[in-house]
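Below: the structure, in structure tokens.
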Amino acid sequence: MDEPRNNQRSFAANPLRWFPEFITMGRRRLRSQARLLGLSLVVGVVAGLGAVVFFWGMDLVFHETLDAWAGYHPHRPGGEASLWPEHDTPLRLWLLIVIPALGGLASGLLVYSIAPEAEGHGTDAAIAAYHFHHGVIRPRVPIVKIIASAITIGTGGSGGREGPIAQSGAGFGSFVGGLLRLRPSERRVLMAAGMGAGVAAIFRAPLAGAMFAAEVLYRSPDFESEVIIPAGLASVTAYCTFASVFGSQPLFSVPSETLGALEFGSPIELIAYSALALWSAVLAMLYTRIFYGTTAAFHHLKIVPHLKPMIGAAATGALGVGLYLGLRHDQRVLSVLSSGYGILQDSILLSGPAENSLKLAALLMVVAIGKIVTTSLTIGSGGSGGVFGPSMVIGGCGGGALGIVLHHWADHLVPHPACFVFVGMAGFFAAAAKTPFSTLVFVGEMTGNYNLLLPTLWVCTIAFLVSDEQSIFSSQVEKRSNSPAHRGDYVRDVLAGLSVGQYLIPSDTLPVLRPGDDVTKALTKLSEVSHPVLPVVDADGSFVGMVNLDEVQGAALMPNARSLLVAADLMRTDIATLVPTDSLDHALEQFVEHDLMALPIVDGETGRHFLGIVERGQIGRAYLQNVHGPRNAS
């Protein structure tokens, strides 16, 4: 109890002591994470470059298709200028159906021919890789995802930008982890950091990207705490990389005169914001059900999957054209196509009784519902894109519509309906994706406005609490204890204090191979053991490798090779060796990493002298004994 006081007295007596102790503390803290943190910076730079390439490609596709041929010139967010001069082509409605269909066909052929896992929304695939695949994503997937998504969104498919960038950032993190043979736990962290970095870059929201990477993995309020720091570094470098090309301004611009009116004025306004929270939760439930219902319908459609994105994209274009004609050529309703961010920029500028009419509320509501349907058609059919961007449009338009209605009914509760656009974006995605806190920061960073922080926190929390279990990210798990990625954590707690030396099977009781033993001798000795691997030991008793039964059987089936191959040709030399003092939880990590049923134990002093093996099944038995106690003799 007196140690902290003694330290304070010593610092007071000698203020210069803090510096060397600070250096020592920093080294101790960074030593175990230096490699991972350094790699996070690299992943962030690559994720930022991926965002640059994707945005450039998507804008180019849009410019050469919808802008040049269809004459579709939507409004853009205030912080995002077009990279190309706008064409003066008049609007051609029939091409708003043909061009998305052709884009869906190109995307479907690309994805299903090269990397089928690049279909749908990429963030969900990255979450699945974290929980269920040891953080492994095939290197080709990010490249295919970026190209396919640029085609899908650029030709009018309703999708978000975050999906391809999240998956590409995660894919590079996974690639680096595999290249450097990182442990599965480190590879998962690096993959999650890449996912957050991609999102941070494309939305110019570094803090939100880091929080998103840690929060989006679970449906409950659980956070992946070990992801936060690497994701923070990766998000900053990704944001700076992207901003150095396209600027650091927020995605949506808010004029100073409007910004002054967008603030929380009185606690009584929380009554209206509570209604917005409930409304956001209802919209989110509608979104997830339509989305996964549409996905299931396309899954059961009896045609080749390559053509399904074309059907979904054509239906998306047809719905957009139908709404345009039904609303008397109001081009704002075409925000149901492509990203649709322009209507959010317009909605943020709501002001005055003329604009805040019930007619405008009806338009915003039509866009919100239409965006739910077009996103479900585009992504649910196998098209490539994200679901976060459309969620911003759905939540912002739905919130703006409710804000206008409540403003006409009781303007003292909703002084400015545009506040509901901001807060609606956050509340809707908090309910749909189960990410209340990162979404809160996202909206603030994308708009450069934190004046509504208090009501946004209120709405996000309530919307999350009253929403149902269905998430727009189907690969999320309920909490850390349910994740396959963390099942080993609980096993390690049980196995703490146990060493592999206690479960050593000594070398003098084992059949071993010499490097020169032929295939026949290897098959004979493998038949004497209960596990499908054997150690290879040289004449000095040093461990040199492991031979797997599958490799030996494959060689035995080749008559010409059988007489030529020996154990030295068939053995794996990349096997991590254990020493008797290694803990069982460390051995468990190595079993998962090398996918073997037995690992070699060597002398810790000499480094290579073979002592014996430990079997994977022994760790399972040790775990059961420590949980349930040894079995009774009876």
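Whatever position you read off the sequence shown (first residue = 1), add 516 for the working numbering.
Even for Gly, the Cβ is constructed at its ideal location relative to N, Cα and C.
Asked, Found
"Counting along the chain, where does the beta strand (DSSP E) carrying M962 start and finish?", "Run containing M962: none in the beta strand (DSSP E); it sits in the alpha helix (DSSP H), 952-963."
"Quick check: what's the CA-CA separation for E1105 versus T804?", "37 Å"
"What are the boundary residues of the beta strand (DSSP E) that includes L1127?", "1126-1131"
"Could you give the DSSP three-state label for P616: helix, strand or coil?", "helix"
"Could you compute how far the alpha carbon of V959 sits from the alpha carbon of A563?", "21 Å"
"Whole angstroms are fine: how far does the CA of F691 sit from the CA of D1024?", "41 Å"
"Output needed for I643: all residues of its chain with C-beta closer than 7 Å, excluding positions within five of it in sequence on either side, in chain order.", "V732, L733, F989, S991, Q992"
"Which residues in the same chain have their Cβ closer than 6 Å to the Cβ of A724, if we skip the five residues on either side of it in sequence?", "S954, V957, F958, E961"
"Going by beta carbon distance, what residues of the same chain come within less than 8 Å of N967, once the five residues before and after it are set aside?", "L775, L778, E779, F780"
"Do you know how far the Cα of R1137 is from the Cα of N1148?", "A caution first: N1148 carries a pLDDT of 46, below 50, which makes its placement in the model too unreliable to give a value."
"From V1016 to E740, what distance separates their C-alpha atoms?", "30 Å"
"Based on the DSSP output, what are the partners of R1088 in its beta bridges?", "M1062"
"Can I895 and V903 be called in contact, C-beta distance under 8 Å?", "yes"
"In chain order, which beta strand (DSSP E) runs of at least 3 residues are fully inside the stretch 725-805?", "none"
"Would I784 be called buried (16 or more neighbouring beta carbons within 10 Å of its own) or exposed?", "exposed"
"How is G631 classed by DSSP in three states: helix, strand or coil?", "One detail in the question is off: residue 631 reads as Ala in this sequence, not Gly. A631 falls in the coil class under three-state DSSP."
"Check whether the stretch 582-596 touches the stretch 785-801, counting contact only when three or more Cβ pairs, one atom from each stretch, lie closer than 8 Å.", "no"
"Rounding to the nearest angstrom, what Cα-Cα distance links A1038 and A641 in this structure?", "42 Å"
"Tell me which residue opens and which closes the beta strand (DSSP E) that A1114 is part of.", "1114-1118"
"Less than 7 Å between C-beta atoms, sequence neighbours within five positions excluded: which residues of the same chain meet that for V660?", "L626, V627, I630, A631, A634"
"Select from V982, R592, H924 the residue whose C-alpha is nearest the C-alpha of A947.", "V982"
"If you count every other CB in all the chains shown that lies within 10 Å of the CB of L696, and 16 or more means buried, which is it?", "exposed"
"List the DSSP bridge partners of D1034.", "V1082"
"Compare the C-alpha of N965 against each of F938, I978, V705, D738 and name the closest.", "F938"
"Taking Cβ to Cβ, would you say G594 is nearer than 8 Å to S772?", "no"
"Quick one: using the 10 Å Cβ neighbour count with 16 as the cut-off for buried, is R704 buried or exposed?", "buried"
"When the Cα of S1047 is compared with those of D1066, A1114, A884, which residue comes out closest?", "A small correction: the amino acid at residue 1047 is His; Ser does not occupy that position in the sequence shown. That would be A1114, whose Cα lies nearest to the Cα of H1047."
"By Cβ distance below 7 Å, which residues in the same chain neighbour F936 in space, the five residues on each side in sequence not counted?", "L792, G915, G916, L918, G919, V930"
"With DSSP as the reference, please indicate the residues paired to G636 in a beta bridge.", "S900"
"Excluding sequence positions up to five away, which residues of its chain have a Cβ less than 8 Å from the Cβ of L557?", "L749, A750, T753"
"With distances taken between CB atoms, is the gap from G675 to G842 smaller than 8 Å?", "no"
"Should L1127 go down as buried or exposed, given a rule of 16 or more other Cβ atoms within 10 Å for buried?", "buried"
"Since V657 contacts Q683 with CB under 8 Å, what's their CB separation in whole angstroms?", "7 Å"
"Taking only the alpha-carbon atoms, compute the straight-line gap between A726 and S760 and give it to the nearest angstrom.", "19 Å"
"Fully enclosed by the stretch 631-705, which alpha helix (DSSP H) runs are 4 residues long or longer?", "638-648, 656-670, 678-695"
"How long is the line joining the alpha carbons of L922 and I663, rounded to whole angstroms?", "43 Å"
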